[in-house]
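Protein chains in written order, with my numbering: chain A, 3 to 217; chain B, 3 to 12.
For reference, the structure discussed in these notes is given below.
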Amino acid sequence: MNIFRLAGDMTHLASVLVLLLKIHTIKSCAGISLKTQELYALVFASRYLDIFTHYVSFYNTVMKLIFLGSAFSIVWYIRRHKLVRRSYDKDHDTFRHYFIVLPCLILALLIHEKFTFRVVMWTFSLYLEAVAILPQLVLLQRTRNIDNLTGQYVFLLGAYRALYILNWVYRYFTEPHYVHWITWISGLIQTLLYADFFYYYFQSWKNNVKLELPA
Amino acid sequence: SRAGDAKDEL
């Protein structure tokens, strides 16, 4: 474990807590894409299949349970909770996210480190996570006034993977044989997809104006 | 997990 990875995990945890805070306290999911939440639930479900068969550490197991539990409860809240679901903007959350699940699965079947169920599913989760934010970014372009919690959520979610890139650089230089191109390229693409969001987020913070993404 | 294995990450 290194500080970049710990900072990345804490930033990821913070993004989840900000979203749960928003949904649980003000009972609103305005501006939040259900499709991105469903894709993330699938990412964690396919990545953490080995949570009970390959013990890594207490920390690792606890964090996996938190990410799994929060992802599925957020999907449940937006789909089922009578108050929260009313604030879901289904008319604008129209990205065909099923069209990205299959290509990620096919790609994982073609390009992976090892052709085993566990590794292919883990690779699938990396490819899927790289594009999981797309429905959310599309929705933000269509959302007029993006509230602070939503902006912070997306920012933290993008920042966590950027910190992971620093972690991979650190591990590459400190651990022999630590080379994982699939993880690195997926993570880089994932972070690059946030580039314009980061730009507008920074502008809104610097000029102290409401966050707004151009359509 | 193997040394340098990426699956020790979240």
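We put the beta carbon where it would ideally sit given N, CA and C, even for glycine.
Since the structure is predicted, the reported quantities are computational estimates derived from the model, not experimental observations.
Item: Pick out whichever of A:Arg98, A:Trp78 and A:Tyr100 has its Cα sitting closest to the Cα of Tyr90 of chain A.; Value: A:Trp78
Item: Nearer than 6 angstroms: is that true of the beta carbon of Tyr196 of chain A relative to any heavy atom of the ligand ATP?; Value: With respect to the ligand ATP, the structure shown offers nothing to examine, as it has no ligands at all.
Item: Which value, in whole angstroms, describes the spacing of the CA atoms of Thr193 of chain A and Leu85 of chain A?; Value: 33 angstroms
Item: Quick one: list the residues of chain B neighbouring His182 of chain A, beta-carbon separation under 7 angstroms, in chain order.; Value: Ala8
Item: Is it buried or exposed for Gly10 of chain A, if we count other Cβ within 10 angstroms and need 16 for buried?; Value: buried
Item: Any beta carbon from chain B within less than 7 angstroms of Thr176 of chain A's own beta carbon?; Value: no
Item: Within the same chain, show all residues whose beta-carbon is closer than 6 angstroms to that of Arg163 of chain A, passing over the 5 residues directly before and after it, in chain order.; Value: Gly189, Gln192 and Thr193
Item: Between the Cα of Leu21 of chain A and the Cα atoms of A:Gln154, A:Met3, A:Phe126 and A:Asn209, which residue gives the shortest distance?; Value: A:Gln154
Item: Taking Cβ-Cβ distances shorter than 8 angstroms, what residues in chain B pair up with Phe69 of chain A?; Value: Leu12
Item: Please tell me whether Met65 of chain A has its Cβ less than 7 angstroms away from any Cβ of chain B.; Value: yes
Item: Quick check on Ser3 of chain B: buried or exposed, where buried means 16 or more other Cβ atoms within 10 Å of its Cβ?; Value: With a pLDDT of 41 at Ser3 of chain B, under the threshold of 50, the modelled position of this residue cannot be trusted, and the question is left open.
Item: At a Cβ threshold of 7 angstroms, is Val58 of chain A touching chain B?; Value: yes
Item: Is DSSP giving Tyr203 of chain A helix, strand or coil here?; Value: helix
Item: Can you give me the C-alpha to C-alpha distance between Pro178 of chain A and Ala8 of chain B, rounded to a whole angstrom?; Value: 13 angstroms
Item: Mind pulling the chain B residues with CB within less than 9 angstroms of Thr185 of chain A?; Value: Ala8 and Glu11
Item: I'd like to know whether the C-beta of Asp11 of chain A is nearer than 7 angstroms to at least one C-beta of chain B.; Value: yes
Item: Using the beta-carbon of each residue, which ones in chain B are nearer than 9 angstroms to Arg163 of chain A?; Value: Within 9 angstroms Cβ-Cβ: nothing; Arg163 of chain A doesn't reach chain B, min ~11 angstroms.
Item: Going by the beta-carbon positions, is the gap between Lys37 of chain A and Asp93 of chain A smaller than 7 angstroms?; Value: no
Item: Could you spell out the range, first to last residue, of the alpha helix (DSSP H) harbouring Asn209 of chain A?; Value: No alpha helix (DSSP H) contains Asn209 of chain A, which DSSP labels as neither H nor E.
Item: When burial is assigned at 16 or more other CB atoms within 10 Å of the CB, is Ala197 of chain A buried or exposed?; Value: exposed
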